[in-house]
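First the structure, in the form of structure tokens, and then the observations on it.
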Amino acid sequence: MREDWIRLALDAVPVDGVMAQLQRLVEYDRYQASAGIQAAADLVAQAARDAGLREVVVHDFPADGAHCFWSFLSPRGWTPRQARLRIGAGIDALEWDHARQPFLLATYSAPTSEQGLRTHAVRIGSADDLAPGNAARDAVAGAIALVEAEAYADPDLLPALRARGAVGFVTDGPCCVDPGTGVAYSGRIELDQSADWFGFSLTHAQFAEAKARVAAGAQIEVLIEIDRDAAMPVVTGVLPADDVADVVSTSEVWITSHLCHPRPGANDNGSGIVGLIGVAQTLRLLAPHASKQWPMRKWPIRFVWAPEFVGTAAFYQARIQTAGETGAPCAVLNLDMIGEDQTRCGSPFVVERPPTTQTSLLTPVAERVVEAVFAATDEGGGRWRSSPFLGYSDHALFAGPQLGCPAVQFAHWPDRFNHSAADTLDKVSPLEMRRSIAAAALLLTLAADDYAALGTSLPELVERWCAREEDQALSALPTATEHAAWREACLRAMYARHTDLRLRARGESPSMHAAASADTYPGINASHQERILPRWQGPFKLRAMIGDTPEPLRGQVRAAVRRDKSTLAWLANIAVHLDGSRGRAEVLAAASHAMRRPWDPALADLLWQAWIDSGWAEPVRP
0 MREDWIRLAL DAVPVDGVMA QLQRLVEYDR YQASAGIQAA ADLVAQAARD
50 AGLREVVVHD FPADGAHCFW SFLSPRGWTP RQARLRIGAG IDALEWDHAR
100 QPFLLATYSA PTSEQGLRTH AVRIGSADDL APGNAARDAV AGAIALVEAE
150 AYADPDLLPA LRARGAVGFV TDGPCCVDPG TGVAYSGRIE LDQSADWFGF
200 SLTHAQFAEA KARVAAGAQI EVLIEIDRDA AMPVVTGVLP ADDVADVVST
250 SEVWITSHLC HPRPGANDNG SGIVGLIGVA QTLRLLAPHA SKQWPMRKWP
300 IRFVWAPEFV GTAAFYQARI QTAGETGAPC AVLNLDMIGE DQTRCGSPFV
350 VERPPTTQTS LLTPVAERVV EAVFAATDEG GGRWRSSPFL GYSDHALFAG
400 PQLGCPAVQF AHWPDRFNHS AADTLDKVSP LEMRRSIAAA ALLLTLAADD
450 YAALGTSLPE LVERWCAREE DQALSALPTA TEHAAWREAC LRAMYARHTD
500 LRLRARGESP SMHAAASADT YPGINASHQE RILPRWQGPF KLRAMIGDTP
550 EPLRGQVRAA VRRDKSTLAW LANIAVHLDG SRGRAEVLAA ASHAMRRPWD
600 PALADLLWQA WIDSGWAEPV RP
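Below, the structure written as structure tokens:
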């Protein structure tokens with residue numbers, strides 16, 4: 000990777016202006032369909048125009064909780080105009096206001112009457128408090144439950160409280176404490192968008208005060224006013240190709256970022272939102288260097304800011320309906336949480352790869368660009384790593400067997416302040432923003448020329464990447480005797496993909512490697528006489544698939560997800576391999592190879608049955 004490209008990109012990033020944009024953005028509560036996200040969309044659209052993007056549009060999609068974009072259900076309009084919680088009376092009363100305390104009100108809380116609500120409170124320490132014979136069981140009817148953190152962690156407790164007639168709850172369960180300062184912040188609570196009750200999220204100290212007042216006989220007053228008029232905005236703009244004299248191409252490279260999150264959401268995903276603006280500004284500043292010191296782009300770059308998953312799906316579907324499959328991008332970069340101060344947040348920079356079904360030069364080139372950017376800024380510290388495809392953000396929309404294309408994500412994970420009011424501007428590193436924007440600008444430029452600017456260095460870059468991957472796999476894959484057959488199959492599939500990559504880097508046709516990766520999985524029985532067909536349209540939505548799974552299987556899958564979020568990654572890696580050409584054993588083997596972890600047979604059986612029983616996948620015998 001040419002050092003002058005790296006230095007040009009780093010020097011061109013207007014990081015002070017990017018941070019100033021972020022400071023304005025974090026003032027908005029950016030719920031998916033709200034007045035706050037509409038204001039944020041207008042801010043982004045103007046910044047995009049100022050950065051030189053063309054065709055900048057704020058698309059308004061329905062937000063009625065009824066429209067579907069493929070399997071993605073639209074959100075309901077939800078803007079909290081007022082939300083106050085008060086305990087006691089007079090000047091000594093405790094009072095908390097959502098306008099002053101971010102994350103205080105649970106998302107999608109139901110409104111009260113205009114006069115508000117005054118009622119008693121009942122402390123709930125565990126699910127046992129709702130057992131027959133316990134006084135709290137009947138006392139919660141018409142009451143507000145004070146839910147201890149340990150009880151809040153029980154996923155069955157809140158539904159049980161609502162079923163017993165509680166009108167709302169208050170908890171410190173999601174409270175986040177900054178280990179560096181000891182300051183506590185409210186954490187995120189999100190209810191179902193059709194919720195008919197409310198919730199409040201307090202800090203540990205606030206919750207202790209609330210319990211003490213209630214124990215002394217104080218009642219609770221709640222006033223919540225919700226506006227449901229907002230639409231769901233998606234902002235898009237286009238940076239044209241450099242050589243406008245050429246025949247107009249239908250190919251596009253996309254860069255995406257989710258626009259939604261309660262305030263402040265500085266890293267999640269304020270950093271990604273302004274990161275896209277920074278990329279546009281950087282590429283505009285680099286334009287005079289194109290063809291001399293900076294690569295040319297033969298394809299345009301489309302910038303997409305959208306509510307996570309559903310907004311991107313809505314715009315993607317609209318593109319496909321208008322232009323057919325030519326409306327799909329040829330490569331995608333998603334920016335989600337790109338600015339973390341690594342020391343404070345405890346999060347390295349992560350390059351998340353496309354699924355292994357998409358053998359693409361995008362992956363090794365992306366990782367080489369990030370490696371070079373970090374090498375050029377090593378005085379600032381920090382580290383980066385790669386990740387297999389997990390699918391927790393918008394890049395997953397481009398991963399499936401239908402309408403799929405290579406998509407990588409720049410992110411930071413894990414972040415100890417994520418989904419809390421502690422995700423503030425001071426947790427964002429200007430250096431990390433500079434790195435992310437510079438890497439994104441160069442990667443998009445190279446991808447928008449189909450990597451031609453790399454010339455004869457491309458095969459060497461890919462060879463180096465493949466060799467490193469193979470060395471790491473040989474040392475990291477399980478070596479226990481019981482996993483020997485799995486390890487051999489995993490390596491064989493990887494070598495086949497690398498053969499394809501090497502051929503692509505040399506400009507040769509890729510080999511046929513499907514047979515090499517279609518190995519049966521040891522310990523998983525399946526018929527080789529059937530293929531599994533996908534039965535969904537467009538990108539897959541895992542939570543919709545889980546919702547279509549009948550009970551009790553649905554509850555078992557949700558419990559597995561609560562125990563370990565990587566269950567969703569396992570489900571996603573099954574989905575991307577459901578291309579209609581494989582049977583059960585082949586799909587499960589390929590998913591396991593992609594995750595580089597052997598299956599727990601019980602988990603494999605559970606998740607597979609969910610795909611079949613939900614109706615999203617169907618076995619077909621020849």
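Number 607 in numbering that gives the first Met the number 0 belongs to position 608 of the sequence shown; there are no gaps in the numbering. Ideal Cβ placement from N, Cα and C applies to all residues, glycine included. Since we're looking at a predicted model, the values are computed, not measured.
Residue nearest to L285 within the set L7, Y315 and V234 is L7 (criterion: CA-CA distance).
Judged by beta-carbon spacing, A265 lies beyond the 8 Å limit of L453, meaning their Cβ atoms are not closer than that value. Taking C-alpha positions only, R136 is separated from A159 by approximately 10 Å. The DSSP-derived three-state label of S256 is strand. Of the other Cβ atoms in all chains shown, fewer than 16 fall within 10 Å of the Cβ of P287; this residue is therefore exposed. DSSP, read as helix, strand or coil, puts E529 in coil.
When the alpha-carbon of T455 is set against those of R503, D267 and T202, the nearest one is in R503.
Between the alpha carbons of L476 and R122 lies a distance of about 49 Å. Look at Q45 here: in three-state DSSP terms it is helix. L606 and A395 have their C-alpha atoms some 18 Å from each other.
When the Cα atoms are used, A39 and D267 turn out to be separated by approximately 14 Å.
Closest in C-alpha terms to A568, from the list D547, L602, R581 and L222, comes L602.
In this structure, P232 keeps its C-beta atom at 8 Å or more from the C-beta atom of I436.
Here E378 carries a helix assignment [DSSP, helix/strand/coil]. Judged by DSSP in its simplified three-state form, I188 adopts coil rather than helix or strand.
With a 10 Å radius around the Cβ and a threshold of 16 neighbouring Cβ atoms, R75 comes out buried.
Between L52 and G269, the gap from beta carbon to beta carbon reaches 8 Å or more.
Taking A229 as reference, the option from R534, G274, L389 and A32 with the minimal CA-CA separation is A32. In terms of CA proximity to A317, H58 leads the group P299, R596 and H58. In this structure, A82 and L104 form a Cβ contact; the two beta carbons are roughly 4 Å apart against a cut-off of 8 Å. Judged by beta-carbon spacing, Q192 lies beyond the 8 Å limit of Y315, meaning their Cβ atoms are not closer than that value. Ranking F308, Y391 and G323 by CA distance to the CA of V349 puts Y391 first. Look at C67 here: in three-state DSSP terms it is strand. Excluding sequence positions up to five before and after A590, its CB lies within less than 7 Å of the CB of W569, N572, I573 and H576, all in the same chain and listed in chain order. Note: W95 is bridge-paired with L84 in the DSSP secondary-structure output. In this structure D177 touches A421 by the C-beta definition: roughly 6 Å separates them, less than 8 Å.
With 16 or more other CB atoms across the displayed protein chains lying within 10 angstroms of its CB, T170 is buried.
Pairing A289 with D241 gives a Cβ-Cβ distance under 8 Å.
Per DSSP, the beta-bridge partners of R301 are V237 and W253.
In the structure shown, T106 adopts extended strand secondary structure according to DSSP, grouped into three states.
The shortest CA-to-CA distance from P328 to any of A472, W298, R491 and T356 is the one to W298.
Per DSSP, the continuous beta strand (DSSP E) segment holding T118 begins and ends at L116 to T118. Between the region 62 to 77 and the region 195 to 210 there are fewer than three inter-stretch CB-CB distances shorter than 8 Å, so the stretches are not counted as touching. Runs of beta strand (DSSP E) with 3 or more residues, each lying fully within the region 355 to 429, are found at 383 to 386 and 406 to 411, listed in chain order. The beta carbons of D335 and G271 sit about 5 Å from each other, so the pair counts as a contact at 8 Å.
Assigned with DSSP and collapsed to three states, L222 falls in strand.
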